[in-house]
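Quick notes on the structure that follows.
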Amino acid sequence: MRVTAVRRTALAAAVASLTLLATACSGSDSDAKGDGGASGGKDAASSKPAAVKALTSAELEKVSLEQGDVAGHKISKTGPEDIAQPEDVTVDKKECEPIGFAFYGVKRGTPVGNAGRKVVQEPKKDESADPEDALAGLLDVTSSLVTLASYEGDGAAKSLAELRESAAKCATGGFTLTMKGSKQKVTKVTEEKATGGEEALAWRVQMGEGDAAAPFKLVSLRQGGTVATFFSFNLGKTGADSDFAQPAAVIDAQVKKLG
């Protein structure tokens, strides 16, 4: 990797980090509100789930990821600095609001409880690599914002249905998010295969264009009355053609804890 590419990557990493970790997650310890998802079954939405009792925020904390649950990752609770309120985020197209809000963990609908975690992959060290490649390796890590939101009755399924519809309408043409005055242009939303829970959805989300573009991953799934949403970025992946894998180990660990 050339020095200019490393610098460009580092800049993108800084922007992504600020966007995700400083503004994301409609987070921990809120008594009655949280984040949402979309429709779709393990591959597509079909059957309507039976009514379920929603977990409280305290109960969601007990089934949230903790340090040690995912090997090679650092896990921490979200705090007030990670919480994005509905008034903090605006989307220029109303139909794109559900998916835009999902990026930042903004609460949607009327969740009963919610919880949040920040999960950061630990970099792999290569003592034999030259300095530029070593730096590139340190940047090649995936960070995820994980939010849980619980709903009464079929609220979780409706939340996923809303998200799926929003993503389909906003897959092309793009839309603009404004977070406390800072604008982010979403240029493409591409559906990916998703597994886990009773229903699951996933997308590759591209922000920006050309060399300034950066890919993100959005995964949302339902287990009973709880919606788990994962918004991820990789510090070493920039450019319109770049990509990275969904944080499968993180998703699997969270699904296991949800039962």
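What the sequence shown shows, in mature numbering (1 follows the signal peptide of the UniProt record, and there is no 0), is residues -24 to -1, 1 to 235, in sequence order. Don't be surprised by glycine CBs; every beta carbon is placed ideally from N, CA and C. Keep in mind that this is a model prediction, so the values were computed, not measured.
Asked, Found
"Would you tell me roughly how many angstroms separate the C-alpha atoms of Lys69 and Lys101, rounded to the nearest one?", "43 Å"
"Could you check which residue in Glu174, Pro87, Leu194 has the C-alpha nearest to that of Ala78?", "Leu194"
"For Lys145, collect the residues of the same chain with a Cβ closer than 6 Å to its Cβ; drop the 5 residues on either side in sequence, then sort them by chain order.", "Glu71"
"What does DSSP give as the partner residue(s) for Arg180 in the beta ladder?", "Thr166, Lys193"
"Tell me the DSSP secondary structure of Val231 in three-state form.", "helix"
"So the candidates are Gly85, Pro56, Leu114; which of them puts its Cα closest to the Cα of Gly212?", "Leu114"
"Enumerated in chain order, which unbroken segments of the beta strand (DSSP E) with a length of 3 residues or greater are wholly contained in the stretch 58 to 133?", "65 to 67, 89 to 97, 118 to 126"
"Which stretch, first to last residue, makes up the alpha helix (DSSP H) that contains Ser33?", "33 to 38"
"For Ala(-1), which of helix, strand or coil comes out of DSSP?", "Confidence is the limiting factor: at Ala(-1) the pLDDT is only 38, short of 50, which leaves the residue's position unreliable, though a coordinate-based value still follows. Three-state result, Ala(-1): coil."
"Let's test the definition: count the other Cβ atoms within 10 Å of the Cβ of Gly89 and tell me whether it reaches 16, buried, or not, exposed.", "buried"
"Out of curiosity, what's the CA-to-CA distance linking Ala127 and Thr202?", "The sequence as given places Tyr at residue 127; Ala does not occur at that position. Going from the Cα of Tyr127 to the Cα of Thr202 covers about 6 Å."
"Taking the C-alpha atoms as reference points, what is the distance between residue 237 and Asn210?", "In the structure as shown, the chain starts at -24 and stops at 235, and residue 237 therefore has no counterpart that could be examined."
"Three-state secondary structure (DSSP) at Lys53?", "strand"
"Determine the DSSP secondary structure at Leu139, reduced to helix, strand or coil.", "helix"
"With DSSP collapsed to three states, give me the class of Val203.", "strand"
"Kindly list the residues whose CB is nearer than 8 Å to the CB of Glu73, restricted to its own chain and excluding five residues on each side of it in sequence; keep chain order.", "Val67, Ser142"
"Once you ignore the five residues that flank Glu167 on each side, which residues in its own chain have a CB closer than 6 Å to its CB?", "Trp179"
"Let me know the secondary structure DSSP gives Lys213 once reduced to three states.", "coil"
"Three-state secondary structure (DSSP) at Lys159?", "strand"
"Is Pro56 buried or exposed, if buried means 16 or more other CB atoms sit within 10 Å of its CB?", "exposed"
"For the candidate residues Pro191, Thr171, Gly131, Lys83, whose alpha-carbon lies nearest to that of Asp64?", "Lys83"
"Using C-beta distances below 7 Å, list every residue in its chain close to Ala225, excluding the 5 sequence neighbours before and after it, in chain order.", "Val46"
"Under 6 Å Cβ to Cβ from Gln97, same chain only, skipping five residues before and after it: list those, please.", "His49, Val117, Thr118"
"Can you tell me which residues form a DSSP beta bridge with Phe220?", "Bridge partners of Phe220: none, in fact."
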